[in-house]
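Numbering (the numbering used here) for the sequence shown: 2 to 369.
Cβ atoms here follow ideal geometry from the backbone N, Cα and C, with glycine treated the same way.
Here the structure is a predicted model, which is why all the values come from computation and not from measurement.
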Amino acid sequence: MKAITLVSLAASVSAHSIFQKVSVNGVDQGQLKGVRAPYSNFPIENVNHPDFACNTNIQLRDNTVIRVPAGARVGAWWGHEIGGAAGPNDPDHPIAASHKGPIQVYLAKVNNAASAGTSGLQWFKVAEQGLNNGVWAVDNMISNGGWHYFDMPSCVAPGHYLMRVELLALHSASVRGAAQFYMECAQIEVTGSGTNTGSNFVSFPGAYTADHPGILVSIYDLQGRPTNGGRAYTIPGPAPITCSGGSNPNPNPQPTSAAPAPQPTGGNGGGAGAPLYGQCGGQGYTGPTTCAQGTCTASNQWYSMLSPLSLVVGFMLTCLASRPVPPINVSPRLGKGHDHDDGGMAPTNIFFTCIYFSIYHPGIPGGT
2 MKAITLVSLA
12 ASVSAHSIFQ
22 KVSVNGVDQG
32 QLKGVRAPYS
42 NFPIENVNHP
52 DFACNTNIQL
62 RDNTVIRVPA
72 GARVGAWWGH
82 EIGGAAGPND
92 PDHPIAASHK
102 GPIQVYLAKV
112 NNAASAGTSG
122 LQWFKVAEQG
132 LNNGVWAVDN
142 MISNGGWHYF
152 DMPSCVAPGH
162 YLMRVELLAL
172 HSASVRGAAQ
182 FYMECAQIEV
192 TGSGTNTGSN
202 FVSFPGAYTA
212 DHPGILVSIY
222 DLQGRPTNGG
232 RAYTIPGPAP
242 ITCSGGSNPN
252 PNPQPTSAAP
262 APQPTGGNGG
272 GAGAPLYGQC
282 GGQGYTGPTT
292 CAQGTCTASN
302 QWYSMLSPLS
312 LVVGFMLTCL
322 ASRPVPPINV
332 SPRLGKGHDH
342 DDGGMAPTNI
352 FFTCIYFSIY
362 HPGIPGGT
């Protein structure tokens, strides 16, 4: 249980992301309006997870149904955590630049988008963006301040849908089961005169396998660059629907402002250092070799990254050394629903109490 607590603490400072806002033809629909989201920004790595459709532990949800005209330009906004950046100058907002990968959009027809469940739905893809000329969909999203844009196909039939937006981070995907899936669902009503009710339907879970070449893949070339070695990248899932008469949207729209995120220069470890999960070494690498947090850990000959374990250990030592725990009675079973006085603090729980006060009571000794 304590090991799980440590992992959870590492996740709280991780470089993850949440889809939490929609725009339609340039009009922002509002924070969390019509979007079902959890508080946690942690990914799902198991493609057979029962909540693979719209994510797990959904706690933020309203009854808004967003009207989307067929053919509209739609934006999906991602933030490091609910509300956006984790703090001033957050280097991992909207997501860490190391988390390269594709972004896809699926629809599932429902009777009422505000109340529909997510089990047993049939999904069809309406948009996808992967790797183009060395630029990933995630690169474009970061360059656009967290916005991922796509065109709703003009032929989509009117009605209520759940719109599933999925970001797949491939920085660790060379290990089976380590690709990171981020997804949330929005509640929309498509309007217009389209007649296409979908094709190439899939179910979630069930649409992907852990061995798919777009999921189990090393995207780094011999110089450690995330270009997939110059090879074409295979996006998981079916092809997007097509509209007859040449009205199909571009499956990989490239905003004019899109560009690969700039890489740090200089290999002497100067500056703020590499961010968590960022590259910090490898053959041909010229960026910083020290880390803003934690230590640099070799992954293979060509790629090293910041390990969250070193961050947890460092936080533990710093907390115990410089943040004395206040002399109060606290149950050693913090977070388990116990509010009685246990007559003091067990020594084995000093570290966890230190962390508790660091997070929830920063204004008293032990806080940060």
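Between the segment 63-78 and the segment 222-239 there are fewer than three inter-stretch CB-CB distances shorter than 8 Å, so the stretches are not counted as touching.
Counting along the chain, Ser24 sits inside no alpha helix (DSSP H); it lies in the beta strand (DSSP E) bounded by residues 19-25.
Residue burial is scored here from C-beta neighbours: Ser18 has at least 16 other C-beta atoms within 10 angstroms and is therefore classed as buried. Ranked by Cα distance from Asn26, the first of Phe151, Thr243, Cys156, Gly225 is Phe151. Measuring C-alpha to C-alpha distances from Gly146 to each of Ser219, Ser173, Ala86, Arg68 identifies Ala86 as the nearest.
Per the C-alpha coordinates, the member of Pro227, Pro206, Asn197, Glu167 positioned closest to Ser120 is Pro206. Around the beta carbon of Thr57, fewer than 16 other beta carbons sit within 10 angstroms, so the residue counts as exposed. CA-CA distance, His172 to Asp212, rounds to 16 Å.
At a Cβ-Cβ threshold of 9 Å, Met164 and Leu108 count as neighbours. The beta-carbon separation of Ser155 and Cys244, rounded to 6 Å, stays under the 8 Å limit for a contact. In this structure, Ile104 lies near Leu169, with their beta-carbon atoms less than 9 Å apart.
DSSP places Asn133 in the strand class (E or B) of the three-state scheme.
Scanning Val136, Thr196, Pro92, Gln123 for the CA closest to the CA of Gly80 turns up Pro92.
Here Gly102 is buried. Its C-beta has 16 or more other C-beta atoms within 10 Å.
The beta-bridge partner set that DSSP reports for Lys126 consists of Tyr107. Cβ-Cβ separation between Ala187 and Gly35: approximately 5 Å, consistent with a contact (criterion under 8 Å).
For Ile143, there is no enclosing beta strand (DSSP E); the enclosing alpha helix (DSSP H) has its first and last residue at 138-144. When DSSP states are grouped into helix, strand and coil, Gly195 belongs to the coil group. The straight-line gap separating the alpha-carbon atoms of Val136 and Pro214 is approximately 19 Å. For Arg74, the enclosing beta strand (DSSP E) stretches over residues 74-80. The alpha carbon of Thr210 has as its nearest neighbour, out of Ala174, Gln224, Thr196, the alpha carbon of Ala174.
The shortest C-alpha to C-alpha distance from Val23 to any of Ser15, Phe43, Pro44, Val69 is the one to Val69. For the set Ala240, Asn229, Ser15, the Cα lying nearest the Cα of Asn133 is the one of Asn229. For Ile143, the closest alpha carbon among the candidates Val111, Gln181, Ala98 is that of Ala98. Per DSSP, reduced to three states, the secondary structure at Gly230 is helical.
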